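To keep things clear, I will list the structure first and then write my remarks on it.
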Amino acid sequence: MKQEKLHCRLVSLVIGLGMALFATLCFAEEAPAPPAGSEPAKVEAPAPPAATPPAAATPEPKPDPGGIVTGDRSNVFNAAGDPFVISEPTDKSDPDYAKKRKEFEEFQAQAAKEPLTLRLADAVGRVRIATNFTWTLATGYLVLFMQAGFALLTCGLVRKKNAAHLMMLNFAAYVFAFLAYYVCGYAFQFGAVAVNAAPGNLGGTPTLNQFLLGSGGWGFLGGRGFFLSGPAYDVGSNALTLFEVVFMETAGYIIVGAICERITFWGFILCELFIGALVYPIFGCWVWGGGWLSQLGATMNFAHGYVDFAGSTVVHAVGGFTAMALAVILGPRIGKYGADGKPRPFPAHNIAFVVIGTFILLFGWMGFNPGSTLGSSDLRISVIAVNTNLAAVAASATAMIFWYFMFGKPDISMACNGMLAGLVAITAPCAFVSPNSAVIIGILAGIVVCLGVLFNERIIKVDDPCGAIAVHGYAGWLGAVSVGIFADGTFGAGWNGVGATTYLGKAGLGVTGLLYGDTSQFWMQLGGATLCAIYAFGFTYLVFSLVNVVRPLRVDKEVELEGLDIPEFGMLAYPEDALSGVPR
Amino acid sequence: MKMVEAIVKPFKLDEIKDALTKVGIQGMTVGEVRGFGRQKGHTELYRGAEYSVDFLPKVKIQILVPDEKAAQVVEAIVQGARTGKIGDGKIFVAPVEEVIRIRTGERGADAI
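Chains as they are written, first to last, in our numbering: chain A, 1 to 584; chain B, 1001 to 1112.
Written out as structure tokens, the structure is:
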């Protein structure tokens, strides 16, 4: 009884703190913003008169919660990415200044002659943004569905006596991590995205423009949009929010696979709040929120800065190494290692769940990777989709063959782990590599996951029931590094603000890897991915070792032996009808 | 009356049932059971770690028969269940003291 009171107190403390934060932050954020619709949407003439005050006096951008301003002529581009609106050049020291000035003046003269064209361009820009919203939201829904895949996969991989526990963890992961991301995770990650990494495909979210820690190219933490209010109460920002929250959820449920069958429910809730509020958003800010790691190209001349297209590290390695730290703290399940120190298996109780879950994850990944363009106006989406599938099948084939040779039979659960490792590894490079490279990355991922599972189980003896550490941690690290090896320069010109016009002396060259002549990108990737692993493991280990001292995260021995379903949740996943004790 | 109990390979159940229907039995009870005999279990690999399956899945059949039919029923089971390989199972025959049909209260041979 006393123990129960303790967890109740802990959980209510966390909720109470959240509420207090809400009261202070949320309303402070709600700057008096007149509804965007109350003023005329745009001025008809494109350019401000020459007497306009300098940029310093630009008014603070206003959010557009009604969706009636976002998307105009400034969002119109041709296939090469050249804008329809030619803006006034300001940098007089630019050698091309005179040429740009002339282009600008010609545009002005033409615009004055053809006002109808400008109105048409406004409509075209609106349609482009709307198309991209549709793409981003729809692919976000696909990523959301991965939650179901993960629940089936992990539930199928554990013992029958813990099946309800697994389902509840997956379910609660979504719920609690989402709330944490709403409170501060999104603001930490994307609160300054407009400074260096404005998502132009969604209209640029200009209101998310302030770092909480750092500034310019050295941002460490975003600072706008707490409680998704004020600057984040905007249609463009919310399209981004929906897409990004389901990404965070992916990191959130990765940990389930490594800590299940022995973690208490209250301990798990703390883990999820920690992921949604801190460990995920911080690294996410560094790479996707315009933070320092992504800007090392612009600030320190390190290639394109750290590049992770859809999250091999930002999502998967963060989840995988957080999971590893937690698994180390929890220790192996009772009976996992015999008296001789040899690992003993706890076979999957429902392999059909495992395979169906894996296929749902593959399907969801068609949102995860192609959706990360944040817009279907980026036609690279088809290449990304094909690359993603190729790596998945190559990795799965590798894992099957590896096991066939090593142990005489292909292991079904390892075939599934192999496919997931391929997906994880192609997530960072999917946009930058050719189909052949995708196959090679898949093969490498298949080998890494097989060796990783054996290494965890036999050498370092970290008990990982579902292989989450090898699949998401090790293969995630591999994915980010392989950007630095296999990127072929066909995509990503101007990525992270580097090489918009020429890169390595070539016009239009994108992110380029070791094999295509950019060694610095390789070192950048190697360093960034390794930093991610150390950061996620170290931060989590520090925080949860302390929590574990205050109160053990692990269930009692008797509970673990009985199975967590009844002691933790009061019900079995598969009650025997006649003998369950429930009145019939 | 005799109780004939047979522990057999699960995939032979259909053949046994057909053989028993041919000799005209009135009913049977079957259940899935596990166990081992002289063969013991065997080892399997899961994710590269070895584990032993000590209790192999079998099917247990129970048939209640009049004394004179017992030999015929045993023969039918042997016919249906035999593969000639290790693990074909065993048959036990034991006397039964009393039988009661719950619906009518009939006893003895009438209740079979």
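For every residue, glycine included, the Cβ atom is placed at its ideal position computed from N, Cα and C.
Remember, it's a predicted structure, so these values are computed and weren't measured experimentally.
Task: Under 9 Å by beta carbon: chain B residues contacting Pro-347(A) - done: Glu-1044, Tyr-1046, Arg-1047, Tyr-1051
Task: Residue interval of the beta strand (DSSP E) (run including Trp-218(A)) - done: 218 to 222
Open item on the list: Can you check whether the C-beta of Asp-411(A) is within less than 8 Å of a C-beta belonging to chain B?
Closed with: yes
Open item on the list: Within 10 Å of its beta-carbon, does Met-524(A) have 16 or more other beta-carbons around it, so buried, or fewer, so exposed?
Closed with: buried
Open item on the list: Could you give the first and the last residue of the continuous beta strand (DSSP E) run that contains Gly-1031(B)?
Closed with: 1029 to 1035
Task: Three CB pairs or more closer than 8 Å across the stretch 217 to 224 of chain A and the stretch 252 to 272 of chain A - done: no
TODO: Could you name the residues of the same chain whose beta carbon sits closer than 6 Å to that of Ser-74(A), not counting the 5 residues immediately before and after it, in chain order?
DONE: Val-85
Task: Inter-residue spacing [alpha-carbon to alpha-carbon] between Val-549(A) and Phe-178(A) - done: 27 Å
Open item on the list: Looking at chain B, is there any beta carbon in it that lies within less than 8 Å of the beta carbon of Pro-343(A)?
Closed with: yes
TODO: Please compile the residues from chain C whose C-beta is within a distance smaller than 9 Å of the C-beta of Phe-432(A).
DONE: The chain labelled as chain C is not found among the protein chains of the depicted structure, namely A and B.
Task: N-terminal and C-terminal residue of the beta strand (DSSP E) that Ser-545(A) is part of - done: No beta strand (DSSP E) holds Ser-545(A); the alpha helix (DSSP H) holding it covers 519 to 550.
Task: Val-1073(B) vs Leu-1013(B) beta-carbon contact at 8 Å - done: no
Open item on the list: What does the alpha-carbon distance come out to for the pair Ala-1076(B) and Met-366(A)?
Closed with: 58 Å
- [ ] May I have the straight-line CA-CA distance separating Arg-1047(B) from Pro-345(A), to the nearest angstrom?
- [x] 7 Å
Open item on the list: Let me check you understand the geometry: is the CB of Gly-267(A) closer than 7 Å to at least one non-hydrogen atom of the ligand ZN?
Closed with: Looking at this structure, you won't find the ligand ZN or any other ligand, since it has none at all.
Open item on the list: Please classify Asp-122(A) as buried or exposed, where buried requires at least 16 neighbouring CB atoms within 10 angstroms.
Closed with: buried
Open item on the list: Please identify the residue among Pro-61(A), Gly-66(A), Asn-436(A), Val-383(A) whose C-alpha is closest to the C-alpha of Gln-210(A).
Closed with: Pro-61(A)
Task: Glu-261(A) versus Gly-563(A): straight-line alpha-carbon distance, rounded - done: 7 Å
Open item on the list: Can you give me the C-alpha to C-alpha distance between Thr-154(A) and Ile-412(A), rounded to a whole angstrom?
Closed with: 14 Å
- [ ] Hey, could you find the ends of the beta strand (DSSP E) Gly-252(A) is sitting in?
- [x] No beta strand (DSSP E) holds Gly-252(A); the alpha helix (DSSP H) holding it covers 235 to 254.
Task: Ranges of the alpha helix (DSSP H) found wholly within the stretch 169 to 194 of chain A, counting only runs of at least 4 - done: 186 to 190
Task: Residue burial classification, Gly-284(A) (beta-carbon count within 10 angstroms, cutoff 16) - done: buried
Task: Expected contact under 8 Å - CB spacing of Lys-591(A) and Asp-463(A) to nearest Å - done: Residue 591(A) lies beyond the range of chain A shown here (1 to 584); nothing can be said about it.
- [ ] Would you mind sorting Asp-603(A) into buried or exposed? The rule is 16 or more other CB atoms within 10 Å of its CB.
- [x] Beyond the ends of chain A as shown, which are 1 and 584, falls residue 603(A); an answer cannot be given.
Task: Cβ pair count under 8 Å reaching 3, the stretch 247 to 254 of chain A against the stretch 80 to 95 of chain A - done: no
Task: chain B contacts made by the stretch 431 to 458 of chain A, where a contact means CB separation under 9 Å - done: Cys-450, Val-453, Leu-454, Glu-457, Arg-458
Task: Which of helix, strand or coil DSSP assigns to Met-571(A) - done: coil
Open item on the list: If contact is defined by three or more beta carbon pairs under 8 Å, each pair taking one atom from either stretch, is the stretch 346 to 355 of chain A in contact with the stretch 131 to 146 of chain A?
Closed with: no
TODO: Report yes if the CB atom of Glu-1032(B) is closer than 8 Å to the CB atom of Phe-1092(B), and no otherwise.
DONE: no
- [ ] Give the single residue among Ala-258(A), Ala-325(A), Phe-309(A) whose Cα lies nearest to the Cα of Ile-381(A).
- [x] Phe-309(A)
Task: Among Val-1096(B), Pro-1095(B), Ile-1112(B), nearest to Arg-1103(B) - alpha-carbon criterion - done: Ile-1112(B)
TODO: For Phe-190(A), count neighbouring C-beta atoms within 10 Å of its own C-beta (all shown protein chains included) and say buried if the count is 16 or more, exposed if not.
DONE: buried
- [ ] Might you give, ordered along the chain, the residues of its own chain that have their beta carbon closer than 6 Å to the beta carbon of Phe-243(A), omitting 5 neighbours on each side?
- [x] Thr-136, Gly-140
TODO: My understanding is that Leu-361(A) touches Leu-444(A), with C-beta atoms under 8 Å, so please give their C-beta distance in whole angstroms.
DONE: Contact flag wrong, Cβ pair sits at about 20 Å.
- [ ] Compute the distance between the beta-carbons of Val-536(A) and Val-315(A), then report whether it is under 8 Å.
- [x] It is worth fixing the name first, because residue 536(A) is Ala in this sequence and not Val. Contact: no.
Task: Contact with chain B by Phe-407(A), beta-carbon distance below 8 Å - done: yes
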